[in-house]
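Chains as they are written, first to last, in my numbering: chain A, 76 to 411; chain B, 76 to 411; chain C, 76 to 411; chain D, 76 to 411; chain E, 76 to 411.
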């Protein structure tokens, strides 16, 4: 996420400059044809364009709503992971009674960090419908780095899991799911050995269910994109609208200069105004699009690397560990 | 669901080509009458058409909202099934203590796959109000296949249930409900035999309640369509609007050519523009309609076959089985 | 609910024909006065009418949203009843251990059907603000029958309750509440007698709480109408709008015929167009209104008779009863 | 709440007559100046007024949405209280085993009525931002009476609490909170004495938590008004709009009469039309405003006196008491 | 929050006066150029401005929706803290059985106040994206004081924690989290010592989980701003719109005076009207912006200092303490 005050206009223009080139060409063509070739019949009525504009506003608004909802739900899910991690943490720390209490607690805590790790690596994998292969995003991604794309999963997991468990997990399809299954197995063994009462086991298992719940919700957002038919019709309509706007404005700008010193030249104002208008609608759509996949590794992602680190700090602080890792900070305002 | 980048414009045009034929006829009639028969009074004012357009925008927007919500809720429900399946799975695996532990666990796991199977077969049955009999969808359905329509339920269930249970279940009205009731019965018998404590039984029964909850929610979406009176009035209004648009634009396009080289011919531009405008509104409605029934077997369904398979893989992976079935992949971008 | 493909245009026109008569009169008056009496000043500007139209669109949209939400929530509540009934059913069936197990289970199951019956009878009672006394609905109601209005509660309850319990319940104010209280009492007595453990009692009591929860939610929708001040201002504004539209269109239609063969007669087109426009807005409101009270016995109700029957079938199927009652089917497409 | 069919137009006009006076003055001034003083330049363009109208529509719509949501949530909260009261009631009645069972149950039930009483008295206190001091509401409030404003809390509590508990509670800040704390204390004492098992105590305490939850939610709506900055900007914009409308319509109405028998007089139509339009927007705002505080004692409140009485009836009916109080009925259609 | 009737127009004008200066300059420039320099071609058509206005309305509406939702959710979260605090309070008070019962209860209660304190101090820290450094808010903040900015955390905590615990907590990263972890630890020790049963411990631990849940939700709103890309594009579009409006209105106001006594001067009306219109849109945005961060210390914050105090009063009243602190009252209508 962007953790600063705002994106500057300059950043926006740079980010969308390829769109601007395209919009410019679309605005120049009818203006030139109108002025130099006398194709004045190109100045279609504004009426159908306005009607189309209404429909486009509706559909872009609809998409932005859905997009914002997906981003916000993604953040809520990770918020849920934070909350359950804290209560699961204190429960394990305070309830467990075994000979090797300290060691057992640490194994469970570190396995939890392993789960957080596997989950964030899975969520930051690529999907066909995501936007990180767009030129604008490849370019902007140079301003920050995405830990899940630069590090290797097994290296990070090795910090948290025993060699044996690591080897086991690496053979599994859904690693996060099976790490949590290991957690369940360990806790049950401890309960059988008397380290937890039956009732305490029930509470801890409810914690594991809550982790699975949040994992599944995050995977839902990851694996079920904004429906492609909704998305495609929005693009088609936007492109149609953007194509027609410069034609619809021709007449107004032609008349504008009548009787003034720019008579005969005012038609050229059609170009900047058409660009401006179409850029606004186009950029609204780009903004919406850039939040529909909140785990794709873009600058507008939910900062799951940072949240996972925060969890690690909080939970190790519960154990009064002293060598806490530092919190992650934004890089060029981007916090991942 | 469509698991690719987008539907192409070509796919959209093919998909809606019967609508385009209809819209073309509606646009040609008034234009011809106006031009050749001199019925210039057909060029009704845009004012009532615009007002109707507002109302149509509202009602299509409303329907698309509801449609998207139904699709998204359907996906959430199946997400819920995933989440509870995982926690139910680890509980059964880790809690059960019986002589034939491995066998008992496997029976419960496989009966769960049977439940997933019966549920998805039930959800993919036909309903009167669904759209899979529309020509556009019959045609498009040739791009992919729907397992629940090509396979027979009893054949698939036979992979998961004992012959005795299979025979019993096939006599029942709501098979998914009664498979889950078998699950409850088995777990209770195990508990009575001491394989689960009373408290563990309570947790497992809460799992069964959660499965029933998600099954019931999916059946609600299946059996309670987008209300027919809302749907019908939307169609009526859209058709009215689509009929009037070509009349409302006549005047503007007639005037367009005045004093230019296409004078007297610009009226023909009415046809493409009317088609374009009405196509946009009509297609928005078609897009919305195609998500109101998210279990009908269309290309925009929730991919319940795929999700059920994923569950089977995850749960068999928990048991460290080695002959895991492959994950389902999209066929011509469509994942079922 | 309507369980078919759609309401036909003809059904809509018949259903709203009294409105059409009224709208026709409202459209004829200004047109006649304009044409025959020369009251051309009646052709008020479209500007204030359009502004009012915006406000009317907003308020009808708002009401339809609320109406749809009430209908959908009502269906969700009954969906909730289905889900809890199933898990309550298997719990009772599988947990109970008593000498007369089979009989005790059956008493509890049948008392549950009694609760479903009392609840649906209560929900289908009349309320002052409901619409079943409107001529349009009285007429349409001849297409189907509403079990709760043709049968007597005591007769149906007699199938499910012992004579003693029936007599007791008939003396009570809120019969559904007190039937469920009997259920609680019976289950507690069984627990005291050792047929359920304390923990199982807790689960069953949670089931009873869930039934009360859903009952209370349904009663909330039944007893708290769409707020009358919101509803009344919507009617007032709609009527105002419908009254003004024919005046606002006069001028446009008068000019329409100029220089054509219908010069001097085009004013008469004002009548069909005004009717058409006002009918659309009026019918949108009627559609919305007809879902605000989803338990009133209208063709657009939640099908609670059918759902209650489905529950009975499912639960008796759990007991392997053989004389299951048939599922309810739609009558002229209407499922109650 | 209004429990009838609708508010009549007459009631609305009476209710808003002071606004109508104000709107009339605002409409008369520009019309007179235009006509008699020749200030024709007062007829400002409709363009900025229409733009402002869009913004006003948005903000009033936004406020009405929030207002409806607050009212509906308030009703849901009280619905929640009903539902938990019923299940809490049957639990206490059926679980308790003590020597003085009947008496203990009654004390708990009646203390619950005391809590309902204290809560509704607290919720019907005045707040600075509420509207019951508006002339329109003072006037309308003569049609019904609000029990919490005519009775004294201590008198009503005396019917439900022992003298000792009453004296104790009257010294407390938040009386409802402390009555429920007494409930908790009593139930714990009974549990310690063996009248409830530990598990039953847990269920009952969950009930108490649910009551606190609903109480807190109701207090949230009571104590956190629709945010004053949102509310204030809405008023400012509405007033601006209402001021400008009569100026914006001047030109249209002046031209209306040209060439007709009312030439030169049609300007006077500006007054009724401006009043009509501004009244519609103003009244929409008044309607929204009158639901933002659903516990203020207005005719559009949630009927908490009635709901509390219903609870008392239902719970006393559970105890088979015979002298049940009557249900509250609407007074001039208003149910409190 | 503002706890009075409303913000006055004067307050709004003062609050936004810097915007008004800016808007005035933007309106004066084109008017002067048009009138004195004859740059009549500056009077661009209203058509693109109106279209832009639609998009701006949409995006400001969207932002205000999100902003209101964040504020309201923030209040709900603190409402949740109130509700759980009360039920946690009575549980601790009524369940605990130890030798030093009174002292133990008090330690737990006061540690809870410490948690409330640490939480509100954390929430009122500064974030880069918050608005308390805007001149308008710095100025307005002189009307009230924010306890968390004038007091020191350690001083306040010292009232509630033992010296030892205080010293421990001050070394921790997330102090609220670790205070609650102390609470968990204490309660577990009491349970081990027999002061709580296992089942009671489970209920208390559920309380702690609920506190963590609410803390995490509040931190989510604090640390995840309204997404910067949505926010930035809204600002850019608003500024563009505000820039163009005075150009778009030029023509209308120039024509306004034709033939009247202000002929040739009516162009100057462009300035007040452009300011008025742009001010309305700009202020709507400012109002929305001022609620997006409901814990920033602004006049429109959720009153968390006040709520925390209310909790302290309620809980100390449960212990029948007599020296209760006073409730916080608004300062110049602002309640923090």
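Glycine residues also receive a C-beta, built at the ideal position from the N, C-alpha and C atoms.
Practice task
Taking all protein chains shown into account, decide if residue 394 of chain D is buried (16 or more other Cβ within 10 angstroms of its Cβ) or exposed.
Solution key: Looking at its Cβ environment, which holds fewer than 16 other Cβ atoms inside 10 Å, residue 394 of chain D is exposed.
Exercise for the section: Report yes or no: is there a C-beta of chain B within less than 8 Å of the C-beta of residue 392 of chain A? Expected result: The beta carbon of residue 392 of chain A does not come within 8 Å of any beta carbon belonging to chain B, so the residue lies off that interface.
Handout entry: Nearest candidate by alpha-carbon position, reference residue 229 of chain E, set E:240, E:221, E:219, E:220
Key = The shortest C-alpha separation from residue 229 of chain E is found at E:240.
Handout entry: Contacting positions in the stretch 269–281 of chain C - beta carbon closer than 9 Å to chain D
Key = Hits within the stretch, in order: 273, 274, 276, 277, 280, 281.
Handout entry: Sequence ranges, beta strand (DSSP E) only - wholly within the stretch 293–319 of chain C, length at least 3
Key = Taking only runs of at least 3 residues, no beta strand (DSSP E) segment lies wholly in the stretch 293–319 of chain C.
Practice task
Can you say whether residue 83 of chain B is buried or exposed, counting buried as having 16 or more other CB atoms within 10 angstroms of its CB?
Solution key: Residue 83 of chain B should be labelled exposed.
Exercise for the section: Report all residues from its chain with a CB closer than 6 Å to the CB of residue 163 of chain C; omit the five preceding and five following residues, and keep chain order. Expected result: Hits under 6 Å: 282.
Practice task
Please confirm if residue 311 of chain B has its CB atom under 8 Å from at least one CB of chain C.
Solution key: The C-beta of residue 311 of chain B comes closer than 8 Å to at least one C-beta of chain C.
Practice task
Using 10 angstroms around the beta-carbon of residue 143 of chain A, count the other beta-carbons present and answer buried if the total reaches 16, otherwise exposed.
Solution key: Classification for residue 143 of chain A: buried.
Exercise for the section: Could you round the C-beta distance between residue 153 of chain E and residue 379 of chain E to whole angstroms and report it? I think they count as a contact, below 8 Å. Expected result: Going by Cβ atoms, the distance from residue 153 of chain E to residue 379 of chain E rounds to 6 Å, so yes, they are a contact pair.
Practice task
Assign residue 288 of chain A to one of two classes, buried (16 or more other C-beta atoms within 10 Å of its C-beta) or exposed (fewer than that).
Solution key: By the 16-neighbour rule on beta-carbons within 10 angstroms, residue 288 of chain A is buried.
Problem - Under 8 Å by beta carbon: chain E residues contacting residue 156 of chain D - result: Among the residues of chain E, none has a CB under 8 Å from the CB of residue 156 of chain D; the nearest is roughly 13 Å distant.
Exercise for the section: Quick one: using the 10 Å Cβ neighbour count with 16 as the cut-off for buried, is residue 280 of chain B buried or exposed? Expected result: Buried.
Handout entry: residue 77 of chain E, DSSP secondary structure in three states
Key = In the structure shown, residue 77 of chain E falls within a strand segment according to DSSP collapsed to helix, strand and coil.
Exercise for the section: Report the neighbours of residue 263 of chain E on chain D: residues whose CB is nearer than 7 Å to its CB, in chain order. Expected result: Those within 7 Å of residue 263 of chain E in chain D number zero; the least Cβ separation is about 18 Å.
Exercise for the section: Would you check if the distance between the CB atom of residue 278 of chain A and the CB atom of residue 386 of chain A is smaller than 8 Å? Expected result: Pairing residue 278 of chain A with residue 386 of chain A gives a Cβ-Cβ distance that is not under 8 Å.
Handout entry: 8 Å Cβ cutoff, residue 291 of chain B in contact with chain C
Key = Yes, because at least one Cβ of chain C sits closer than 8 Å to the Cβ of residue 291 of chain B.
Exercise for the section: Note down the Cα distance separating residue 103 of chain A from residue 129 of chain B, rounded to an integer number of angstroms. Expected result: Straight-line Cα distance between these residues: approximately 32 Å.
Handout entry: DSSP three-state assignment for residue 119 of chain E, whether helix, strand or coil
Key = The three-state reading of DSSP puts residue 119 of chain E in coil, since its state is none of H, G, I, E or B.
Exercise for the section: Compute the Euclidean distance between the alpha carbons of residue 85 of chain B and residue 360 of chain C, then round it to the nearest angstrom. Expected result: CA-to-CA, the gap between residue 85 of chain B and residue 360 of chain C works out to about 38 Å.
Exercise for the section: Kindly indicate if chain E contains any beta-carbon less than 8 Å away from that of residue 150 of chain A. Expected result: Chain E contact via Cβ: present.
Problem - Minimum Cβ-Cβ distance from residue 79 of chain E to chain D less than 8 Å - result: Residue 79 of chain E has a beta carbon lying within less than 8 Å of a beta carbon in chain D.
Practice task
Please confirm if residue 302 of chain B has its CB atom under 8 Å from at least one CB of chain C.
Solution key: Yes, contact with chain C.
Exercise for the section: Check the Cβ-Cβ distances between residue 283 of chain B and every residue of chain C, and say whether any is below 8 Å. Expected result: Chain C, which has a Cβ nearer than 8 Å to the Cβ of residue 283 of chain B, makes this yes.
Practice task
Take every Cβ of the stretch 394–406 of chain B, pair it with every Cβ of the stretch 354–368 of chain C, and state whether three or more of those distances are shorter than 8 Å.
Solution key: Taking one beta carbon from each stretch, the stretch 394–406 of chain B and the stretch 354–368 of chain C have fewer than 3 pairs nearer than 8 Å; the two do not touch.
Exercise for the section: List the residues that DSSP assigns as beta-bridge partners of residue 409 of chain A. Expected result: In DSSP, residue 409 of chain A forms a bridge with A:77, A:406.
Practice task
Can you check the stretch 91–158 of chain E for any alpha helix (DSSP H) of at least 4 residues that lies completely inside it and give the ranges in chain order?
Solution key: Fully enclosed alpha helix (DSSP H) runs of 4 or longer: 92–112.
Practice task
To the nearest angstrom, report how far apart residue 269 of chain C and residue 255 of chain C are at their CA atoms.
Solution key: In this structure, the CA atom of residue 269 of chain C is about 21 Å from the CA atom of residue 255 of chain C.
Handout entry: the stretch 177–211 of chain C: positions lying closer than 7 Å to chain D by Cβ
Key = Within the stretch 177–211 of chain C, the residues whose Cβ lies closer than 7 Å to some Cβ of chain D are 203, 204, listed in chain order.
Problem - Whole-angstrom C-beta distance between residue 342 of chain B and residue 77 of chain B, which should lie under 8 Å - result: Beta-carbon to beta-carbon, residue 77 of chain B and residue 342 of chain B are separated by about 40 Å, too far to satisfy the 8 Å threshold.
Problem - Any C-beta of chain D under 8 Å from that of residue 99 of chain E - result: No, because no Cβ of chain D sits closer than 8 Å to the Cβ of residue 99 of chain E.
Exercise for the section: Pair every Cβ in the stretch 339–358 of chain D with every Cβ in the stretch 87–98 of chain D, then say whether three or more of these pairs are closer than 8 Å. Expected result: Segments in contact, yes.
Exercise for the section: Can you tell me which of C:252, C:262, C:98 puts its alpha carbon nearest to the alpha carbon of residue 196 of chain C? Expected result: Closest by alpha carbon: C:252.
Practice task
Indicate the three-state DSSP secondary structure (helix, strand or coil) for residue 261 of chain D in the structure shown.
Solution key: Assigned with DSSP and collapsed to three states, residue 261 of chain D falls in helix.
Practice task
Have a look at C:176, C:383, C:140 and flag the residue whose alpha-carbon is nearest the alpha-carbon of residue 410 of chain C.
Solution key: Here the closest residue by C-alpha is C:383.
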